Each structure stands twice: as structure tokens, then as C-alpha cells.
Amino acid sequence: MKLWGGRFTKETSQLTDDFNSSIHFDHILYKYDIYGSIAHATMLGKQNIISNEEAALIVSGLKEILQDIEDDRVEFDVSAEDIHMNVEKLLIEKIGDTGKKLHTGRSRNDQVALDVRMYVKDKIIYIDQLLHELQEAIIKIAEGNIDTIMPGYTHLQKAQPITLAHHVLAYFEMFKRDRERLMDCYKRTNVLPLGAGALATTTYPLDRTYVASLLDFDGITMNSIDSVSDRDFSIEFMSAMSLIMMHLSRFSEEIIFWCSDEFRFVQLDDEYSTGSSIMPQKKNPDIAELVRGKTGRVYGNLLGLLTTMKGLPLAYNKDMQEDKESLFDSVNTLSMAIPIFTKMIDTMKINKENMYHSAGKGFTNATDAADWLVKNQVPFREAHAIIGKLVLYAIDKNKTLEELSLEEYKEVSSIFNETIYDSITLEACVNNRKVDGGPSRESVEKVIFINKNYLLNK
Ligand code: ARG
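Here it is as C-alpha cells:
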């Protein structure tokens, strides 16, 4: 007999049980479900809705069930549909009729909303911690590469010289924003929906604020209908996770081509790369590729839930049971992707010489040559044209700007003198950019200092 079987005269078919039940995936919520029930029962006792003895019996029964599940002594029952009814059924089996009082003043609708919020709160903190570790790895790379000059790109064409420190610190900023987004989502997740009942609360004198304090929620939801129909917090979390994956994916993409023979900027550690079953020479950046690839499924999960929710009338609809697998999948994906990505970048070798050599090609110092002219009273637009001509000439002669003789410079403009050479070395190009947020040693050291302080506090 189902817990809700009173008004039915027939058993549900096996097909219905299999299709309708969610226990095969929502069982992972058992801990939250039990903690939520313990708080609910405690409150029922305090409010004299059930006796204190009954509350105590329910609480101890629930604690035993938690232990049973943790010790793998429980087999969940598909016909009991979901984790909520499985736990309730186990409780009744364990403590008898008193167990039937647990669900007083509660519905699975507010119960599931609570469980998922508790899960999301936990996972936000966990993923935030993983991002913290990733940021530490980034800082480590930055500190070791303040003077590692490499080409900066726009349109994937060499643009201006930067340093590897400056480049990887760009990702530090992205993950900083990601962590802010997670914390922001946490705030909105951190309100207790329990007490909303099925949709219209209950006639019992529940103390919702007390339950909120027991379960470490910041406050309670203000509208019972919204409480059971809202999944915004999951969507926000999945959206924040999508952005995290997007950032990891862009970083992965760069690492993938940095590993290629065409670039040879970095070399992945053997522990974090793989070989080919046919080509003996191969060493592939599978980890980075998989992180990039898994970004697609995390986006898909977000889009799936958005689509599930878009046509639902208030309040709870069974469609909403579909909110979980995709959420869990995204959390599991990030829980694997972030740590392995962190290890991969933490152990990769940086080929500083190749980066430097590459930065020296492609006229990455052309802007600085134009700026030299500007400092010598040539208007920038004119300076741009003069250097453009010079570049064209140098391409023709197969030389770099540094390799052109002063006579060759003077042929294009008589203003040039010996000091041009000092201002177009790669080091000068990088270190003369002292603007806050720029690549010079000075600016980057400042940012590293700020970011290390940030990591101490966050
Ligand atoms: N397993 C359900 C879910 O995940 C729990 C809520 C069911 N409520 C209901 N009225 N059928 O959404």
C-alpha cells in the first residue's frame, strides 16, 4: 500500500512505478531529507503539534535511518517513489505508528524544495572551494612567470607582447567573478521554503523561523505558492556553473594549442595527458579537451531545466521532478573537471624560450615603435602610417623591426634616431606599460599582491 494509497482501489502498475519514481537519482538527497525531517519534527514537538516524546522518538528513528543508509544497510523501494517517502516508510517500519506523525503540516512539495536548496547550498560551498584551489594554482604560475614574455593575441594574430603572468591572471579575474556569482546565488538559495505545505501552508501553528535557524537558513520564503514552484536558485546555480565551464573551456582551448608543435609553449605532465592507440609518438591533451567537451553538457543541463520550467503554471507540477538529474550531473561534472584542471596546470612545464621567441616575431613591438614617434612629436595617426610602411619594408626584407638599420629607419622618416632601439625591445614593450591592470612587472606585482590577499580572505 502506498503512503498516499487511501483513495485508490488498485495498485499502480509497474510501468507507472518505474516511470514515476525518482528514487534511483534522488536517493543522494537522503542526508538533507533526514536533517530537514529532524528539524521539522523538533519544531512540531516544540509547538505541541505532536508531543515531545513523539518528536524525540521520531528524531532518534531518523538518526538511526541516516546511519543505516550510511552503513549501506538500506535498500530503497521503487514503489515508495522518492527519497521523501522512502525515508518516511523506513521510519514507520522502525518506530511504528508514531512515524506516521512526521508528515504533519508538511507536503512533499515544500519538502523537496527544502532538500534541493540544502543540496545546492552545500555544493555551492564545495565548488567555491575548488575554484579557490584553482586560483591558487594560477597565482603560483603568475608568480613564477612575471618576466615570461609571450605574444598577446587578438583575432589569434600576434598583437603585443605580454607576460604569461598577465595572461593567466586574466583567468584569475574570471574565476573571481564566478565565485561572486556563486555567493550571490547562495544568498537567494538560503531561504527556507518548508512550511509552504503543498502550496497554501497549513492550519497547524508551525514556527518556520525556528526551523530556519535549526537548518542554518538565513530566513524564510514569503509566499507559499512561490516557495514550492520556484527553481530559480537551481537555474542560477546551473548558470553560474555554465560560466565556470565556459572559462575553463577557453583556458583549455588555449592549453590545447599551446601544446601543439606549432606553438610548443607548454608541455603537459605525463600524469595529465594520454597517448594514442596507433601513433606511438602522440601525447594528447585529453584532459583539456574533455573539460572543453563537457562544457556542452553543462550548458545542456541549464537549457533543459529552463525549458522544463518555462510553461509551468503555479504551483508544483510533477515536471519539476526533472530538475534533479541535470543539476546533479552539472555538479558532478564540475566536481571532477575543476580539480583535474587545477592539477593539469599546476604540473605543466612552461617553455619560456619558445614563448619569448614567438613574441619576437610578428612585429608585436610595432605599436611601441609608433609610440616612440608620438613621444617625438609625430601625431599618432601619422606615426601609425610610418610604422606601417616600415613593417611592410621589413616583411619584404625578412627582418624584424630591431634588425633594421638606422639608415633604413631614416629612409622612411628622418625623425628616427638611435633611441628607437631601446624602446622596442620586448622587455621595454612589456615594462613600459605601467598602467594599472597592465602587463608590466610593476602592475602585475601589484595585482598578485591584491589577489593573494583576496585568497587569504576568501
Ligand atoms: N519526487 C518529487 C520531486 O522530486 C517530490 C515531490 C512530489 N510531490 C508530489 N505532489 N507528487 O519533485
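The sequence shown begins at 1 in UniProt numbering and counts up one residue at a time.
C-beta atoms are modelled at their ideal positions from N, C-alpha and C, and glycine is treated no differently.
Owing to the predicted nature of the structure, the values given are computational and were not obtained by experimental measurement.
Worksheet entry | 8 Å Cβ cutoff met for Asp207 and Gln14 | The residue given as residue 207 occupies position 207 in the sequence shown. The residue given as residue 14 occupies position 14 in the sequence shown. Cβ distance not < 8 Å, so Asp207 and Gln14 don't count as in contact.
Discussion item. Between Arg7 and the ligand ARG, is there a pair consisting of the residue's CB and a ligand heavy atom that are separated by less than 7 Å?
Written reply: Sequence index remark: in the sequence shown, residue 7 carries index 7 (1-based). The ligand ARG has no heavy atom closer than 7 Å to the beta-carbon of Arg7.
Worksheet item: Counting Cβ pairs closer than 8 Å, one from the region 166-185 and one from the region 194-211, do we hit at least three?
Response: Contact between the region 166-185 and the region 194-211 is absent: fewer than 3 CB-CB pairs across the two stretches fall below 8 Å.
Discussion item. Under 7 Å: does the beta carbon of Met320 sit that close to some heavy atom of the ligand ARG?
Written reply: Indexing the sequence shown from 1 puts residue 320 at position 320. At least one heavy atom of the ligand ARG is found less than 7 Å from the C-beta of Met320.
Discussion item. So, with DSSP's three-state summary, where would you put Val266?
Written reply: Translated into positions along the sequence shown, residue 266 becomes position 266. Of the three classes helix, strand and coil, the one that applies to Val266 here is strand, per DSSP.
Discussion item. Considering only DSSP beta bridges, list what Lys361 is partnered with.
Written reply: Walking along the sequence shown from the start, residue 361 turns up at place 361. Its beta-bridge partners do not exist; DSSP assigns none.
Worksheet item: With respect to 7 Å, is the separation between the Cβ of Tyr316 and the closest non-hydrogen atom of the ligand ARG below this value?
Response: Residue 316 sits at position 316 when you count from the first residue of the sequence shown. In this structure, the C-beta of Tyr316 approaches the ligand ARG to less than 7 Å from one of its heavy atoms.
Practice prompt. Measuring alpha carbon to alpha carbon, tell me which of Ser51, Ser277 and Phe19 ends up nearest Lys81.
Written response: Counted from its first residue, the sequence shown places residue 81 at position 81. First, the amino acid is wrong: residue 81 is Glu here, not Lys. Ranking Ser51, Ser277 and Phe19 by Cα distance to Glu81 puts Phe19 first.
Practice prompt. Can you give me the start and stop residues for the alpha helix (DSSP H) that Gly388 sits inside?
Written response: One-based indexing of the sequence shown puts residue 388 at position 388. Segment Phe380 to Lys397, the alpha helix (DSSP H) holding Gly388.
Worksheet item: Alpha carbon to alpha carbon, what distance is there between Ala428 and Met348?
Response: Start at 1 with the first residue of the sequence shown, and residue 348 comes out as number 348. Start at 1 with the first residue of the sequence shown, and residue 428 comes out as number 428. If I take the Cα positions, the gap works out to 28 Å.
Worksheet item: Distance, Cα to Cα, Glu151 vs Thr163?
Response: Translated into positions along the sequence shown, residue 151 becomes position 151. Translated into positions along the sequence shown, residue 163 becomes position 163. The sequence as given places Pro at residue 151; Glu does not occur at that position. Here the alpha carbons of Thr163 and Pro151 stand approximately 8 Å from one another.
Worksheet item: Grouping DSSP H, G and I as helix and E and B as strand, with all else coil, what is residue 462?
Response: Because residue 462 is not part of the residues shown, which for the chain are 1 to 458, the question remains open.
Worksheet item: What does a CB cutoff of less than 6 Å around Lys283 pick up in its chain, not counting 5 residues either side in sequence?
Response: Looking up residue 283 in the sequence shown gives position 283. Answer for Lys283: Ser273, listed in chain order.
Item to complete: Using three-state DSSP, classify Asn431 as helix, strand or coil.
Response: Working through the sequence shown from its first residue, we reach residue 431 at position 431. Helix, per DSSP.
Worksheet item: Is the region 326-338 touching the region 257-268, taking contact as three or more C-beta pairs under 8 Å?
Response: Not touching, per the Cβ criterion.
Worksheet entry | 4-residue-minimum alpha helix (DSSP H) runs that sit fully inside the region 185-241, ordered along the chain | Fully enclosed alpha helix (DSSP H) runs of 4 or longer: 208-214 and 224-229.
Worksheet item: Per DSSP, residue 474 forms a beta bridge with which residues?
Response: In the structure as shown, the chain starts at 1 and stops at 458, and residue 474 therefore has no counterpart that could be examined.
Discussion item. Using 8 Å as the threshold, is the C-beta distance between Arg179 and Lys458 below it?
Written reply: Start at 1 with the first residue of the sequence shown, and residue 179 comes out as number 179. Start at 1 with the first residue of the sequence shown, and residue 458 comes out as number 458. Between Arg179 and Lys458, the C-beta gap is smaller than 8 Å, which places the two residues in contact.
Discussion item. What would DSSP say about Thr42, mapped onto helix, strand or coil?
Written reply: Along the sequence shown, one-based indexing puts residue 42 at 42. Helix.
Worksheet item: From Pro280 to Val374, what does the alpha carbon distance come to, in whole angstroms?
Response: By one-based count along the sequence shown, residue 280 stands at place 280. By one-based count along the sequence shown, residue 374 stands at place 374. Cα to Cα, Pro280 sits roughly 54 Å from Val374.
Practice prompt. To the nearest angstrom, report how far apart Gly275 and Ala142 are at their CA atoms.
Written response: As a first step, residue 275 is located in the sequence shown; it is residue number 275 there, counting from the start. As a first step, residue 142 is located in the sequence shown; it is residue number 142 there, counting from the start. For Gly275 and Ala142, the distance between alpha carbons rounds to 29 Å.
Worksheet entry | beta-carbon Lys324 near the ligand ARG non-hydrogen atom, thresh 7 Å | To locate residue 324, count along the sequence shown from 1; it is residue 324. In this structure, the ligand ARG has a non-hydrogen atom nearer than 7 Å to the beta-carbon of Lys324.
Worksheet item: For Leu426 versus Ile149, is the C-beta spacing smaller than 8 Å?
Response: In the sequence shown, the residue the question calls residue 426 occupies position 426. In the sequence shown, the residue the question calls residue 149 occupies position 149. Taking 8 Å as the cut-off, the Cβ atoms of Leu426 and Ile149 count as close.
Item to complete: Specify the secondary structure class of Lys349 as computed by DSSP and reduced to three states.
Response: Taking the sequence shown and counting its residues from 1, one reaches residue 349 at position 349. In the three-state DSSP reduction, Lys349 falls in the strand class (E or B).
Discussion item. Closer than 7 Å to a non-hydrogen atom of the ligand ARG - does that hold for the CB of His84?
Written reply: Start at 1 with the first residue of the sequence shown, and residue 84 comes out as number 84. Yes; taking the cut-off as 7 Å, the Cβ of His84 has a heavy atom of the ligand ARG nearer than that.
Discussion item. Tell me which residue opens and which closes the alpha helix (DSSP H) that Asn48 is part of.
Written reply: Working through the sequence shown from its first residue, we reach residue 48 at position 48. From DSSP, Asn48 is part of no alpha helix (DSSP H); its letter is neither H nor E.
Worksheet item: Which class does Asn417 belong to by DSSP, given the choice of helix, strand or coil?
Response: Here residue 417 corresponds to residue number 417 of the sequence shown, with the count starting at 1. The three-state secondary structure of Asn417, taken from DSSP, is coil.
Fill in: C-alpha distance - Lys100 paired with Leu130, whole-angstrom precision
Locating residue 100 in the sequence shown gives position 100, counting from the first residue. Locating residue 130 in the sequence shown gives position 130, counting from the first residue. If you draw a straight line from the Cα of Lys100 to the Cα of Leu130, it comes to about 41 Å.
Worksheet item: Glu53 to Leu215, Cα distance in whole Å?
Response: In the sequence shown, residue 53 corresponds to position 53, counting from 1. In the sequence shown, residue 215 corresponds to position 215, counting from 1. Distance between the alpha carbons of Glu53 and Leu215: 21 Å.
Worksheet item: Do Asp115 and Tyr32 have their C-beta atoms closer together than 8 Å?
Response: Against the sequence shown, residue 115 aligns to sequence position 115. Against the sequence shown, residue 32 aligns to sequence position 32. It is a contact, given that the beta carbons lie within the stated cut-off.
Worksheet item: Taking the alpha helix (DSSP H) that Arg297 falls in, what are its first and last residues?
Response: Residue 297 sits at position 297 when you count from the first residue of the sequence shown. Here the alpha helix (DSSP H) through Arg297 covers Asp286 to Met309.
Worksheet item: Taking buried to mean at least 16 other C-beta atoms within 10 Å of its own C-beta, is Phe341 buried or exposed?
Response: To locate residue 341, count along the sequence shown from 1; it is residue 341. That one is buried.
Worksheet item: Out of curiosity, what's the CA-to-CA distance linking Thr202 and Pro339?
Response: Looking up residue 202 in the sequence shown gives position 202. Looking up residue 339 in the sequence shown gives position 339. Cα to Cα, the separation comes out at about 45 Å.
Worksheet item: Taking the C-alpha atoms as reference points, what is the distance between Thr9 and Lys2?
Response: The sequence position of residue 9 within the sequence shown is 9, counting from 1. The sequence position of residue 2 within the sequence shown is 2, counting from 1. When only Cα atoms are considered, Thr9 and Lys2 end up about 11 Å apart.
Worksheet item: In whole angstroms, what separates the C-alpha of Lys63 from that of Phe449?
Response: Position 63 of the sequence shown holds residue 63. Position 449 of the sequence shown holds residue 449. One alpha carbon belongs to Lys63, the other to Phe449, and they sit about 47 Å apart.
Worksheet item: Using the rule of at least 16 other Cβ atoms within 10 Å of the residue's Cβ for burial, across every protein chain shown, is Glu70 buried or exposed?
Response: In the sequence shown, the residue the question calls residue 70 occupies position 70. Counting other Cβ atoms within 10 Å of its Cβ, Glu70 stays below 16 and is therefore classed as exposed.
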